[in-house]
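What follows is a single structure, written as structure tokens, with notes after it.
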């Protein structure tokens, strides 16, 4: 659920970190969602229940890894608010961070209720979970809008640089470096845009805007994870150049 317009760091040796664990849990959760649906659709109710339980426990584990993350979005929104930039991009990015702030903050409360650390009335818990999904949906929609605006600006910058003529070799080399940096930024925007388009259907389904089954949502999640892997490989190759 994070985006980055900055250049990626050089590839480092793979190691398990909280972020990598979250990615692993996410991939397994989406597979479990899809596989449970597949088994249930073929009449294997007992086996489907096992995979559905695995999905639920992985979701709970991911909530644990997200504890306190809402503060990062609050700080990010303040940074964008005090930074220069295109008005449309700034507004949509602030909206994205505020949406994720509400989503993650309420998600922490939902986690506390799920582990019975803090007990809510069933009706209250249901309303809370719906509000969580509404904030998530809002954050993703703002992120999609931000991606469209930024992609357009970067495309115009690339076109402008490509149309310029340079008399000196040093100036041409500087242009090529800027084009390379812009290409990296465009790849980051494209990746986040694809992830957002795949993720948005989960909260949209949970708040009743669409009615996709777990099989479709699980497949979307698997495609999103494959995009993440492709992005990591692309950035690793780019970092070696």
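Residue numbers (full-length UniProt numbering): 1 to 241. The C-beta atom is built at its ideal place from N, Cα and C for all residues, glycine as well. Bear in mind that the values here come from a model prediction, so they are computed numbers and not experimental data.
With a threshold of 7 Å on Cβ separation, who are the neighbours of residue i within its own chain once the five nearest residues in sequence on each side are excluded?
i: residue 161; result: 175, 178, 179
i: residue 90; result: 80
i: residue 14; result: Low confidence applies to residue 14: its pLDDT is 36, below 50, so where it sits in the model is not reliable, and the reading given next is rough at best. Excluding positions up to five away in sequence, the list is empty.
i: residue 131; result: 106
How about residue i and residue j: do their beta carbons lie closer than 7 Å?
i: residue 112; j: residue 118; result: yes
i: residue 133; j: residue 206; result: yes
i: residue 210; j: residue 140; result: no
i: residue 202; j: residue 224; result: no
i: residue 214; j: residue 50; result: no
i: residue 23; j: residue 55; result: no
i: residue 260; j: residue 57; result: Outside the displayed span of the chain (1 to 241) sits residue 260, for which this structure offers no information.
i: residue 244; j: residue 154; result: Coverage of the chain is limited to positions 1 through 241, which leaves residue 244 absent and any answer about it impossible.
i: residue 52; j: residue 36; result: yes
i: residue 129; j: residue 114; result: no
Which residues in the same chain have their Cβ closer than 8 Å to the Cβ of residue i, if we skip the five residues on either side of it in sequence?
i: residue 108; result: 63, 66, 67, 68, 70
i: residue 5; result: A caution first: residue 5 carries a pLDDT of 39, below 50, which makes its placement in the model unreliable, though a value can still be read off. The residues are 150, 185, 188, 189.
May I ask which residues mark the beginning and end of the alpha helix (DSSP H) holding residue i?
i: residue 83; result: From DSSP, residue 83 is part of no alpha helix (DSSP H); its letter is neither H nor E.
i: residue 69; result: Per DSSP, residue 69 belongs to no alpha helix (DSSP H) and is neither H nor E.
i: residue 62; result: 45-65
i: residue 162; result: 122-163
i: residue 206; result: 201-206
Would you grab the beta carbon distance between residue i and residue j for me? Rounded to a whole angstrom, and I think it's under 8 Å.
i: residue 61; j: residue 103; result: About 17 Å; that fails the 8 Å criterion.
i: residue 158; j: residue 182; result: 5 Å
i: residue 144; j: residue 101; result: Wrong, their Cβ atoms sit about 18 Å apart, outside the cutoff.
Spatial neighbours of residue i within its chain, please: CB distance less than 6 Å, with the 5 preceding and 5 following residues excluded, ordered by chain position.
i: residue 76; result: 97
i: residue 88; result: 149
i: residue 99; result: 135, 138, 139, 142
i: residue 221; result: 30
Under 6 Å: does the beta carbon of residue i sit that close to some heavy atom of the ligand NAD?
i: residue 222; result: Looking at this structure, you won't find the ligand NAD or any other ligand, since it has none at all.
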